[in-house]
Amino acid sequence: MAQDSATPTPVRPYPPPRRSATEVPEDYALLRAEEPVAAVTLPSGDPGHLVSRYDDVRALLADPRCSRAATVAPEAPKLTAVPFDAGGLFTMDPPEHTRLRGLVARAFTPRRVERMRPRLEELAGELADAMAAGNGAGGGPTDLNTAFAFPFPMAVICELLGVPFADRERFRTWSDAVLSLTAHPPEEMLRHKQALLAYLADLVADKRRAPGTDLLSALVGVRDEEGRPDERELLVLAMTLLVAGHETTAGVLGTSVLTLLRQPERLGLVPDGEEATAALVEELLRLNPVGDGGPLRVTTEPVEVAGRVLPPNSAVIASVCSANRDGSRYTDPDRLDPDRTGDPAQPPHLAFGHGPHYCLGAPLARAELAVALRVLAGRFPALRPAVPVESVTMHRGLLVNRLTELPVRWD
Numbered sequence: 002m003a004q005d006s007a008t009p010t011p012v013r014p015y016p017p018p019r020r021s022a023t024e025v026p027e028d029y030a031l032l033r034a035e036e037p038v039a040a041v042t043l044p045s046g047d048p049g050h051l052v053s054r055y056d057d058v059r060a061l062l063a064d065p066r067c068s069r070a071a072t073v074a075p076e077a078p079k080l081t082a083v084p085f086d087a088g089g090l091f092t093m094d095p096p097e098h099t100r101l102r103g104l105v106a107r108a109f110t111p112r113r114v115e116r117m118r119p120r121l122e123e124l125a126g127e128l129a130d131a132m133a134a135g136n137g138a139g140g141g142p143t144d145l146n147t148a149f150a151f152p153f154p155m156a157v158i159c160e161l162l163g164v165p166f167a168d169r170e171r172f173r174t175w176s177d178a179v180l181s182l183t184a185h186p187p188e189e190m191l192r193h194k195q196a197l198l199a200y201l202a203d204l205v206a207d208k209r210r211a212p213g214t215d216l217l218s219a220l221v222g223v224r225d226e227e228g229r230p231d232e233r234e235l236l237v238l239a240m241t242l243l244v245a246g247h248e249t250t251a252g253v254l255g256t257s258v259l260t261l262l263r264q265p266e267r268l269g270l271v272p273d274g275e276e277a278t279a280a281l282v283e284e285l286l287r288l289n290p291v292g293d294g295g296p297l298r299v300t301t302e303p304v305e306v307a308g309r310v311l312p313p314n315s316a317v318i319a320s321v322c323s324a325n326r327d328g329s330r331y332t333d334p335d336r337l338d339p340d341r342t343g344d345p346a347q348p349p350h351l352a353f354g355h356g357p358h359y360c361l362g363a364p365l366a367r368a369e370l371a372v373a374l375r376v377l378a379g380r381f382p383a384l385r386p387a388v389p390v391e392s393v394t395m396h397r398g399l400l401v402n403r404l405t406e407l408p409v410r411w412d
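Numbering-wise (this note's numbering), the sequence shown opens with residue 2 and increments by one.
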C-alpha cells in the first residue's frame, strides 16, 4: 500500500517472535529503549508502525486521528489478508461507534455483571466438578484449557447472547479463523467467517420467530423496531460479541493460571476476599496480554509520536503487551505483585485499552477471571503443572494469546 516517502522501509516482523509461552517477546524491551516507534511488516505484508512505550500507547489509544474506521478504507494498509468487516465495533469511530456500542453496553455494566455472579459461580463449579469426575481419583493429568478455560467463558457468552452452547466446538473452529493473523490461509479465513455469519443469520431468524430474554433477541427487537442497526451490522455485532466474548477471556484465564502455577505458592496466592482477588486479577491482566497489540489503527492526519511524525494513512499498532511491561512506569514490571494495584505511583494497566474503544466487556471479564480463580483454588488447592512449564506452548499466528494446552494435575 502507498505510504509517505519519509517512512523507513519496514525491517521487523509483527508480531515479534515469541520464544516462550511464559514470557513476552524480548524485542519489546529493546524497542522501548531504542526505537519507540518501530517500522514493521504486518502479517498482510503491508508496512506499519509499532508503538511500545506506555505513555505513547495510552495517548494513541485515545487519539481520534488514529482511526479504526479508516482501517477498512480500500487504500488503507491492512493487518491481515482478510480484515475485520466494516460496520462492526472494531471498525467504527464515534459517533457511529458510540451508537452501536450503546445498544449492548447495558448488558455489561458492573451492576448487571454483579447480578450475574451467582450464575458464574454455578457454571464454574459445574465445570470443576466435571474436571474432577473425569479423572476419578487420579487427579489428572488434564488439559485445563479443554476442561475449564475454554468452556467457562464460552458458556457465559452463549447464555448471555442466547446462542446454543452445544455448538461450542463449531465456534472454536470459526473463531480461530476470524482471529487468524497467519495461522490460516486467506481462503480458509474467509470460508469460516462466512460460515459463522450464516449460522448467526439463521439464529437471528429463530429469534424473530420466538424471541427470548437474551441479548441477541433484544438486539433483533431494536433492529426491527428502529431499523438500526441494519441487518449486516447486526450480524457483525453478534459475531464480534460471540468471538471476543470467549476467546479473550479463555486465553487470559489459561495464561493467568500458568503464571500462578509458576510461583512457589501456586494457587495458594488466590485470596479469599473479593477485594484482594480483584487486585490479583488486575495484576494478572497486566502480565498476561490478550494479544501483542490492540486492533490496528490507521492515521487520518499527521500524528507525532515520540518525536516522529506519522503521515496520514499510516498503520499503527499500539502495543498494549509492551506498554504493560514498561519499566519507566512500573516497578520491577515482570514480577507478579498484586499489591501494585491501586498504587498511585504506578498507572492502571491497558489490558482493556483506553479511550472510546475501551473494552465494554471488561466488567464481565474481570468477574469471570475472579470467579474462575477462586473456584479452581477452592476445588484444586494442589493444582500444579503436569509437564515442565518450558514445554508449554502458545498458539502461533492468532490475534489473541492462547496456550495450545495446559496439562495439570492435583493429586
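Even glycine gets a Cβ: it sits at the ideal position worked out from N, Cα and C.
Rounded to whole angstroms, the gap between the alpha carbons of residue 273 and residue 70 is 44 Å. Under DSSP, residue 395 shares a beta bridge with 404. Counting only the Cα atoms, residue 412 lies some 46 Å from residue 82. Annotation for residue 232: the continuous alpha helix (DSSP H) segment containing it runs 232-262. The DSSP assignment places 321-324 as complete runs of the alpha helix (DSSP H) inside the region 279-357, in order along the chain (cut-off: 4 residues). Per DSSP, the unbroken alpha helix (DSSP H) holding residue 376 starts and ends at 363-380.
Note on geometry: alpha-carbon atoms of residue 269 and residue 187 lie some 44 Å from one another.
In this structure residue 51 is in contact with residue 320, their Cβ atoms being roughly 6 Å apart against a cut-off of 8 Å. Assigned with DSSP and collapsed to three states, residue 164 falls in coil, not helix or strand. By the criterion of a C-beta distance shorter than 8 Å, residue 54 is surrounded in its chain by 33, 37, 307, 323, 324, 327, 329, once the five residues flanking it on both sides are discounted.
Residue environment: residue 332 is assigned as exposed (fewer than 16 neighbouring CB atoms within 10 Å of its CB, all protein chains considered). Less than 9 Å separates the beta-carbon of residue 104 from that of residue 230. Within the region 106-162, the complete alpha helix (DSSP H) segments at least 4 residues long are 111-134, 152-162, listed from N- to C-terminus. In the structure shown, the three-state DSSP call for residue 81 is coil.
DSSP lists 299 as the bridge partner or partners of residue 68. Relative to residue 387, the option among 346, 374, 260, 408 whose CA is nearest is 408. Boundaries of the alpha helix (DSSP H) around residue 61: 55-62. About 5 Å separates the beta carbons of residue 366 and residue 250, which is inside the 8 Å limit, making them a contact pair. With respect to residue 374, residue 181 sits apart: the two C-beta atoms are not nearer than 9 Å. Straight across, the Cα-Cα distance linking residue 227 with residue 394 is about 47 Å.
As the crow flies, the alpha-carbon of residue 117 is around 10 Å from that of residue 157.
Contact between the region 201-209 and the region 232-243 is established, with three or more Cβ pairs separated by less than 8 Å. Distance from the CA atom of residue 302 to the CA atom of residue 275, rounded to whole angstroms, is 45 Å. DSSP lists 410 as the bridge partner or partners of residue 385. Nearest Cα to residue 358 within the set 93, 78, 76, 66: 93.
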